[in-house]
Each structure stands twice: as structure tokens, then as C-alpha cells.
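Novice: Sharing a structure here in C-alpha cells format.
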Amino acid sequence: MLRRFLQRLSGSLRRFLAGRYGADHLNFFLLVLSVALCLVSFVLSRLGPVCRLLGALVNMSAYGVLIWYAVRFFSRDIEARARENRRFTTLWSRLTDRQNRYFRCPNCKQTVRVPRGRGKICIRCPKCSEKFIRKS
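Counting along the sequence shown from 1, when you hit position 57 you're at 56 in numbering that gives the first Met the number 0, and nothing is skipped either side.
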């Protein structure tokens, strides 16, 4: 009897989640950020009366991030969520890239990647062939 109930519950949950976006890198980041904010809020609430207010604000922001996570997870607009995730992964890879620097071409605004630690270099834009000097 319990097994049949769990099978029906599983089928209902599967039908509900069909066509929903689900989890991706941005959602994982939001979940980790929410947990981290909850921990910071917990520590701040234990420090004293002045920090309790700050802890409450951090806690509310943690709930806001968690709500954003849930909205993205259950969203049916898959293309928009994929676009958001693509932008996030591009930004995250740039932030964690220790071997390259990224510059914008002053002429066409194309992003150009150059190796770090080469000093002042002349960069040629691959799109418009504009040359500009930057320190890598």
C-alpha cells in the first residue's frame, strides 16, 4: 500500500515537473549563496543587539535569493533561463580565468581575450582590425 502511494506520488511529481526548467549552474550558485547568507545571518544574530538587525537583513536577502532559485527552477520559459545561465557561466569563467585578460574594442565593442603578464601590448581586434594598447 505504501509502495503504491509512493509510485502515484512519484508519477504526479514527474508530470508536474515536465516542461519545467530545472537546475543549472546559476541555480546551483544561487542555492550555495542562499546557504552562505543564512550562515552569515546566524553568526550575526549571535553577536549582539546591533548585529541582529544586520543579521535580519542578511536573512531576508537569503530568502530572496532562495525565492529567485525556486522561480528559475519551476519556470516554463526555458529559453530565457538558458540565456540567463549562459550569461552567468560566461561571467563566471571570466572571473575565474587566471591566465587571460579581457578587453573591449574601443571601436566595435567586441570582447578580446589576451594572455596575462605580457606587459604593454598592442591588441588588434579580430572583428574590425582596430589596434589599441593595453597592459595585460
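A virtual CB, placed ideally from N, CA and C, is assigned to each residue, including glycine.
1) Strictly by DSSP, which residues pair up with Ile120?
2) In three-state terms, what does DSSP make of Asn26?
3) Leaving out five residues on either side along the sequence, give the residues of the same chain with a beta carbon under 6 angstroms from the beta carbon of Lys130.
4) Give the range of the beta strand (DSSP E) segment to which Pro114 is assigned.
5) Does Gly10 pass the burial test, meaning 16 or more other C-beta atoms within 10 Å, or should it be called exposed?
6) Is it buried or exposed for Cys104, if we count other Cβ within 10 angstroms and need 16 for buried?
7) Spell out the partners DSSP gives Arg100 in its beta bridges.
8) Could you give the distance in angstroms between the alpha-carbon of Gly54 and the alpha-carbon of Phe41?
9) For the alpha helix (DSSP H) that contains Cys50, what are its first and last residues?
10) Considering Phe84, what are the terminal residues of the alpha helix (DSSP H) in which it resides?
11) Touching or not, the region 79–92 and the region 32–40, by the rule of three or more beta carbon pairs under 8 angstroms?
Specialist: On the basis of the coordinates in this document:
1) Arg133
2) helix
3) Cys121, Arg123
4) 110–114
5) exposed
6) buried
7) Val113
8) 7 angstroms
9) 48–72
10) Here the sequence assigns Asn to residue 84, which means Phe is not the residue at that position. Run containing Asn84: 77–95, per the alpha helix (DSSP H) assignment.
11) no
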